[in-house]
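Engineer: Let me begin by handing over the structure; questions about it come next.
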Amino acid sequence: GAVTQKKRMKILEDFKGGRIPVVVATDVAGRGIHVDGVTHVVNYELPYEPEDYVHRIGRTGRAGEEGVSISFAC
């Protein structure tokens with residue numbers, strides 16, 4: 556991708572630390588993101604595979620917490 560690994564790590568660190576409120580990620584990058592307290596996931600496009608959808612929305616509502624998933628289907 557266009558973003559270096561060093562910059563990706565800095566963005567993730569800032570997101571985890573609450574210094575940036577939103578992260579936009581591809582499916583590949585999203586699978587590697589494990590952050591407690593994610594409250595919302597927005598799907599701009601639905602994936603072709605149901606398993607990928609489950610992985611996406613599974614980023615929110617972990618450990619018994621509630622979460623919101625919003626999906627745009629056009």
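In terms of our numbering, the sequence shown is residues 556 to 629.
Where a beta carbon is used, it is the ideal one built from N, C-alpha and C, also for glycine.
#1: Could you pull out every residue in the same chain whose Cβ sits closer than 6 Å to the Cβ of A628, ignoring the five residues on either side in sequence?
#2: Leaving out the 5 sequence neighbours to the left and right, which residues in its chain are closer than 7 Å to T594 when beta-carbon positions are compared?
#3: Apart from the five residues just before and just after K571, which ones in its own chain have a Cβ nearer than 7 Å to its Cβ?
#4: Are the beta-carbon atoms belonging to V578 and I566 less than 8 Å from one another?
#5: For V590, which of helix, strand or coil comes out of DSSP?
Structural biologist: Looking at the atomic coordinates:
#1: If you number the sequence shown from 1, residue 628 lands on position 73. Closer than 6 Å at Cβ, skipping near neighbours: L601.
#2: For the purposes of this step, residue 594 is taken as residue 39 along the sequence shown, with counting starting at 1. Within the same chain, Cβ atoms closer than 7 Å to the Cβ of T594 are found at T615, G622, V623, the five residues on either side in sequence being excluded.
#3: Position 16 of the sequence shown holds residue 571. Counting only Cβ-Cβ distances below 7 Å, and skipping sequence neighbours, we find V590.
#4: Position 23 of the sequence shown, counted from the start, is the residue given in the question as residue 578. Position 11 of the sequence shown, counted from the start, is the residue given in the question as residue 566. In this structure, I566 lies closer than 8 Å to V578 by Cβ.
#5: Within the sequence shown, the letter at position 35 stands for residue 590. Correct three-state label for V590: coil.
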